[in-house]
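This report refers to the structure that appears directly beneath it.
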Amino acid sequence: MQSIIDWIVGLMETLGAPGVGIAILLENLFPPIPSEVVLPLAGFTVAQGSLNMVNVFIWSVLGSVIGAYVLYGVGVWLGLERLRKIADWMWLVRASDVDAAMNFFTKYGKPSVFFGRLIPGVRSLISIPAGLGKMNLVTFGLWTTLGSGIWNAILIYLGFVLGDNWEKATEYADTYSNVIYVVLLLIILGFLVFFIRRAVRDKNAEKSA
6 MQSIIDWIVG LMETLGAPGV GIAILLENLF PPIPSEVVLP LAGFTVAQGS
56 LNMVNVFIWS VLGSVIGAYV LYGVGVWLGL ERLRKIADWM WLVRASDVDA
106 AMNFFTKYGK PSVFFGRLIP GVRSLISIPA GLGKMNLVTF GLWTTLGSGI
156 WNAILIYLGF VLGDNWEKAT EYADTYSNVI YVVLLLIILG FLVFFIRRAV
206 RDKNAEKSA
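Okay, so the sequence shown: first residue is 6 according to the numbering used here, each after it adds one.
And the structure:
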């Protein structure tokens, strides 16, 4: 982690606020670079007078949105047909499950993108189903900007207020993340139980036929 912090500090010292944007762009694509470290550190740097708060915020949101569009493009490239074929190769998942998931996203895509940007572990990945469903680019950008703006502003402000103790913001974010991860794990386990029970039921039905 210290090497990541040193790299972020060097980036901000060299490029200023745009360095924050680059770090957040990479954070969207490479999970080892956590926004929970980048943004509070940027807020601390603002408190020291080295960077401007508004510039840091704007560049951080810009980095988030560009990174989101890259992953949106991954979703478009992957495509529904390819995803259906992948699902057909899997034991527990069917192509119809992909269709059901995409129907859900089509119906609730806007709030999914917005709230997804506030959930660690989902923040980046939510852009892929948006690309799969070919959500309107402007709509996707607006909801991504809004969600990212809230998340980024909170972490930057925490780093600014905490000052030398900016790393506590990371601790707060970790606590929040852990709660979210437990909820996500329970949801995943619920889906896993559903898929296994369905597979067993289908297998028994084939034997009875």
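Don't be surprised by glycine CBs; every beta carbon is placed ideally from N, CA and C. Being a predicted model, the structure only gives us computed values, none of them experimental.
Residue j beta carbon less than 8 Å from that of residue i
i, j, result
"GLY26", "LEU67", "yes"
"PRO45", "TRP148", "no"
"VAL61", "ALA47", "yes"
Cα-Cα separation, residue i to residue j
i, j, result
"TYR177", "GLY15", "25 Å"
"THR150", "ARG206", "44 Å"
"LYS139", "GLY80", "8 Å"
"LEU85", "ALA52", "47 Å"
"PRO23", "ILE63", "9 Å"
"LEU163", "THR144", "29 Å"
"LEU30", "LEU76", "11 Å"
"VAL34", "PHE120", "The amino acid at residue 34 is misidentified as Val; the sequence shows Leu. About 19 Å."
"THR180", "PRO116", "24 Å"
"SER8", "ASN57", "25 Å"
"TRP82", "PRO39", "26 Å"
"ILE131", "TRP12", "27 Å"
"LEU194", "ASN108", "22 Å"
"GLY190", "TRP156", "For the record, residue 190 in the displayed sequence is Leu; it is not Gly. Taking the straight line from one Cα to the other gives about 22 Å."
"LYS173", "LEU167", "7 Å"
"VAL42", "ILE161", "10 Å"
"SER65", "GLU32", "11 Å"
"THR19", "ALA28", "12 Å"
"GLY54", "GLY21", "12 Å"
"ARG202", "TRP94", "18 Å"
"LEU142", "PHE110", "15 Å"
"MET17", "LYS112", "40 Å"
Residue of the options minimising C-alpha distance to residue i
i, options, result
"LEU137", "VAL143, LEU88 and VAL198", "LEU88"
"ALA73", "LEU20, VAL42 and ILE133", "ILE133"
"ASP169", "PHE49, ALA28, TRP82 and VAL42", "PHE49"
"SER153", "ARG128, ASN141 and THR175", "ARG128"
"ARG122", "THR111, GLY21, VAL70 and PHE165", "VAL70"
"VAL187", "MET17, GLY126 and TRP94", "GLY126"
Contacts around residue i, its chain only, beta-carbon distance under 7 Å, and the 5 residues preceding and following it disregarded
i, result
"ALA135", "TYR77, GLY80, GLY114, VAL118 and PHE145"
"ALA158", "PHE62"
"ILE253", "The requested residue 253 is not part of the displayed model; the chain covers only 6 to 214."
"THR276", "Absent from the structure is residue 276, since the part of the chain shown begins at 6 and ends at 214."
Residue range of the unbroken alpha helix (DSSP H) whose run includes residue i
i, result
"VAL59", "58-83"
"GLY15", "7-20"
"ASN157", "142-167"
"VAL42", "40-52"
Sequence-distant residues of its chain with Cβ nearer than 8 Å to residue i (five each side left out)
i, result
"ILE10", "VAL42 and LEU46"
Own chain partners of residue i with C-beta closer than 6 Å, once the 5 adjacent residues on each side are dropped
i, result
"PHE165", "GLY48, VAL51 and ALA52"
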